[in-house]
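Take the position in the sequence shown, starting the count at 1, then add 668; the result is the number in our numbering.
Report on the structure given below.
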Amino acid sequence: MREEKHQVLTGAIKKMQAIILAAGMGKRLKELTQNNTKCMVRVNGVALIDRMLHQLDTRGLSRVVIVVGYEAEKLKEFIRTLDVKTPIVFVENSIYDKTNNIYSLALAKEYLKQEDTVLLESDLIFEDSVLDALLDDPRDTLALVDRYESWMDGTVVKLEDDDRIRAFIPGSKFVFADLKQYYKTVNLYKFSRHFSESCYVPFLEAYCSALGCNEYYEQVLRVITMLDDPEIRAKRLNGQLWYEIDDIQDLDIASSMFAPDPQQKLAAIQGRYGGYWRYPKLLDFCYLVNPYYPPQKLMDEIKANFETLLTQYPSGMRVNSLLAAKDFGVRQEYIVVGNGAAELIKSLMEGFDGRVGVIRPTFEEYPHRCRPEQIVAFETQPMDFRYTEEDLMNFYAEHPVEMLVLVNPDNPSGNYISRAGVLRLAEWCAQHNVRLVVDESFVDFADEQDSTLLDNDVLEKFPTMTVVKSISKSFGVPGLRLGVLASADQEKIAHIKKDVAIWNINSFAESYLQIEEKYKKNYASAMARFREVREKMRAELEQVKGLRVLPSQANYFMCELTGEITAQELCVRLLHENLLIKDLSAKVKDGKQFIRLAVRREEENEALVSALKRNLC
């Protein structure tokens, strides 16, 4: 069917072949290519060349020409074992280690002149729709391109509105200031026989004669695009998946992107615990950060000092504690800075040997740092997951603990206890010799203003109380990895400062602490805007059938699925639409199905709500 579709679109039945360049050594894949070719590396159990040949095998091609080099015999033997019906011709590059792919293509130039050609590099993985986009386009000479993203490497192009290629820009000429104008070549081309015979091959021969064979074949295209009216045009992709595999990280990412089973794909992406900028089309409603902070001026200030921050050591713990003390208005002796709150939580909890009270469902970083027998859990009611300080005091009066952890607002429920209520709980804990840990990473999102416990008077009144705050979340800078822990128990603070590394934060994080105070008005404005957007999102979510929305004072909503669909099924469906949400079902008893949805910018929230309506209503 695909072959027939292509023939109709092009208006005539034309013979077409594929040429695959597969001579390279793939050194950046290290041990995976020590005795193996790059294109034999497996993604989810399938070799790249196996996948590519079977994709081409459905296109009615006259032949596939493969230029081999490194481990040529091993590759040829492997290909002969594959169930591929299209005739395969091998061309051998015996000097693959002294030449680049321009020479490999030159070896196949006679084939180029005989038929229309699909030209591919063997380290690509792509979904079928990528090949469809190229072959179904009626234009006969095309360079497949995609909007440039930060994970991409290699040749980029600039385009005119009519898809003319204004310029081929190799890596050496790459200008970061022009990022928004760039398209990355996918290394997948369609050449007409006429273009190859009359233009590309003559230029290829001339280029090799003049400049040698240790170049890339795209350099020839670069020269051709300088002509007044070059035949080649660009074909822009629009969301189709592809990836170029150069190293083991690329392989890891490709394994998640192209997982054959949707649930496997979801698990692979979730198991990365971030780094989702490598998935540029993915909207992350799983991780919880402020969508309206930091302001552009703050980011520009850090950018202006980039070279200095990159090439200079950060200050040690003493200076960074001083900066945090300045920002949060507490004594230097009471505060310690962490490489994210997680580093401080680890240090705080692993040194404690008594019983620990936690409220479930909860942020599991705290109980995970304890032995299971230490945990005394207050189980919230699955109907609303609401609780008050009174509920906690009554429960732990009957189930004594030596430490009580309160995440406020709670994660994932969004339950909130007022500042007065937390102080009342602190009084009770002091009377009962219970060390209170208050994680207020989300407290700035609450409607109640100035509810923080990062206050000298409060800390000194309750010296056994510890306050933890993740700067990543409310200040929207998770990439900096910043958190603080404060207590008037100076012995505890001194212990944690010794427990973590003296240079536990980098220069960029230190710079942020140094300048953050200047932007407090921006922060207040961002929070006001956020609360408006949260309320709007709540109202829109409540209109989605099959969804019960719990009230929240944080930057997320916990929601129950009331229909037949499970949380995991919904996560899989939304991932297909490039939306990542959190499945909470494992945190909730009685088999009830819950999800957590982060609050992002207004237009992004609307996209999520629309997707929920499509999949739930």
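Where is the CB? At the ideal position from N, CA and C, for every residue including glycine.
Bridge partners - residue i, DSSP secondary structure assignment
i: Ala-686; result: Val-732, Val-786
i: Met-1226; result: Arg-1264
i: Leu-889; result: Leu-889 pairs with nothing; no bridge assigned.
i: Glu-1066; result: According to DSSP, which records beta bridges pairwise, Glu-1066 is partnered with nothing at all.
i: Ile-756; result: Val-732
i: Ala-811; result: Tyr-857, Ala-902
i: Leu-792; result: Glu-912
i: Val-711; result: Val-714
i: Lys-1255; result: Looking at the DSSP assignment, Lys-1255 forms no beta bridge with any residue, so it has no partner.
i: Lys-781; result: The partner list for Lys-781 (beta bridge, DSSP) is empty, contrary to what the question assumes.
i: Lys-1250; result: Arg-1264
i: Leu-951; result: Leu-1247
i: Gly-737; result: Glu-739
Rounded separation between residue i and residue j - CA only
i: Gly-907; j: Ser-1278; result: 19 Å
i: Glu-778; j: Lys-858; result: 16 Å
i: Asn-1076; j: Val-1256; result: 19 Å
i: Asn-1062; j: Trp-1096; result: 10 Å
i: Gln-675; j: Arg-861; result: At Gln-675 the pLDDT is 40, less than 50, meaning the model places this residue with poor confidence; the figure from the coordinates comes in the next sentence. Looking at the two C-alpha atoms, the distance is approximately 16 Å.
i: Val-1004; j: Leu-966; result: 23 Å
i: Thr-705; j: Leu-729; result: 24 Å
i: Arg-1282; j: Asp-1258; result: 27 Å
i: Pro-806; j: Ala-690; result: 28 Å
i: Val-1217; j: Leu-827; result: 46 Å
i: Ala-1194; j: Asp-796; result: 43 Å
i: Arg-1149; j: Ala-1010; result: 9 Å
i: Ile-937; j: Ser-877; result: 47 Å
i: Ala-680; j: Asp-808; result: At Ala-680, the pLDDT of 43 sits below 50, so the modelled position is not reliable and the matter cannot be decided from this model.
i: Gly-1019; j: Ile-793; result: 47 Å
i: Asn-855; j: Thr-701; result: 21 Å
i: Gly-1006; j: Asn-1079; result: 20 Å
i: Glu-672; j: Lys-682; result: Unreliable positioning characterises Glu-672 in this predicted model, as indicated by a pLDDT of 40, which lies under 50. The coordinate reading is nonetheless provided below. Rounded to the nearest angstrom, the two C-alpha atoms are 11 Å apart.
i: Leu-716; j: Ile-688; result: 12 Å
i: Phe-1262; j: Ala-1196; result: 28 Å
i: Val-711; j: Val-1044; result: 44 Å
i: Lys-933; j: Glu-1245; result: 13 Å
i: Ala-776; j: Leu-1243; result: 41 Å
i: Asp-1115; j: Met-693; result: 59 Å
i: Leu-743; j: Met-708; result: 7 Å
i: Ser-1140; j: Ala-1254; result: 25 Å
i: Leu-1016; j: Gln-887; result: 57 Å
i: Lys-994; j: Gly-939; result: 37 Å
i: Val-1145; j: Val-825; result: 32 Å
i: Glu-969; j: Lys-1188; result: 15 Å
i: Asp-830; j: Gln-980; result: 46 Å
i: Arg-670; j: Leu-909; result: Legend: pLDDT at Arg-670 = 40, less than 50; position of this residue unreliable, value from coordinates given subsequently. Going by the C-alpha atoms only, they are around 19 Å apart.
Residue range of the beta strand (DSSP E) that includes residue i
i: Asn-855; result: 850 to 859
i: Lys-650; result: With the chain covering 669 to 1285 only, the question about residue 650 has no answer from this structure.
i: Leu-827; result: 824 to 827
N- and C-terminal bounds of the alpha helix (DSSP H) containing residue i
i: Arg-807; result: Counting along the chain, Arg-807 falls outside any alpha helix (DSSP H), and DSSP gives it neither H nor E.
i: Val-1277; result: 1270 to 1284
i: Leu-1074; result: Leu-1074 -> not in any alpha helix (DSSP H); beta strand (DSSP E) instead, spanning 1071 to 1075.
i: Phe-974; result: 974 to 979
i: Arg-719; result: 716 to 724
i: Ile-770; result: 769 to 775
i: Arg-834; result: Element bounds for Arg-834: not the alpha helix (DSSP H) but the beta strand (DSSP E), 833 to 837.
i: Ala-667; result: The first residue shown for the chain is 669 and the last is 1285, placing residue 667 beyond what the model contains.
Nearest-angstrom Cβ-Cβ length linking residue i and residue j, presumed shorter than 8 Å
i: Leu-803; j: Val-869; result: In fact, because the Cβ distance is near 22 Å, the residues do not count as touching under 8 Å.
i: Val-733; j: Val-757; result: 5 Å
i: Tyr-771; j: Cys-881; result: 4 Å
i: Gly-942; j: Tyr-961; result: About 19 Å separates the two Cβ atoms, so there is no contact after all.
i: Phe-1110; j: Ser-1142; result: 7 Å
i: Val-1152; j: Val-1105; result: Not really, about 13 Å apart at Cβ, beyond 8 Å.
i: Lys-903; j: Val-813; result: 7 Å
Neighbour flag for residue i against chain D, beta carbons, 8 Å
i: Val-732; result: Absence of chain D from the displayed structure is noted, only one protein chain being present.
Check: residue i C-beta below 7 Å from any heavy atom of the ligand SAH
i: Ile-1183; result: With respect to small molecules bound, the structure shown includes none, and the ligand SAH cannot be examined in it.
- prompt: Of all the alpha helix (DSSP H) runs that stay within the bounds of the stretch 1144 to 1177, which reach a length of 4 or more residues?
  reply: 1158 to 1167
task: Only counting runs of 3 or more residues, tell me where the beta strand (DSSP E) segments fall wholly within the stretch 991 to 1055, in order along the chain.
output: Given a length threshold of 3 residues, each whole run of the beta strand (DSSP E) inside the stretch 991 to 1055 is given here in chain order: 1003 to 1007, 1024 to 1028, 1043 to 1047.
message: In chain order, what are the residue ranges of uninterrupted alpha helix (DSSP H) at least 4 long that sit wholly in the stretch 1099 to 1148?
response: 1124 to 1129, 1139 to 1143
3 or more residues per run - each beta strand (DSSP E) lying fully within the stretch 1185 to 1220: 1215 to 1217
task: Pick out the complete beta strand (DSSP E) segments inside the stretch 869 to 933, 3 residues or longer, and give them in chain order.
output: 901 to 904, 910 to 912
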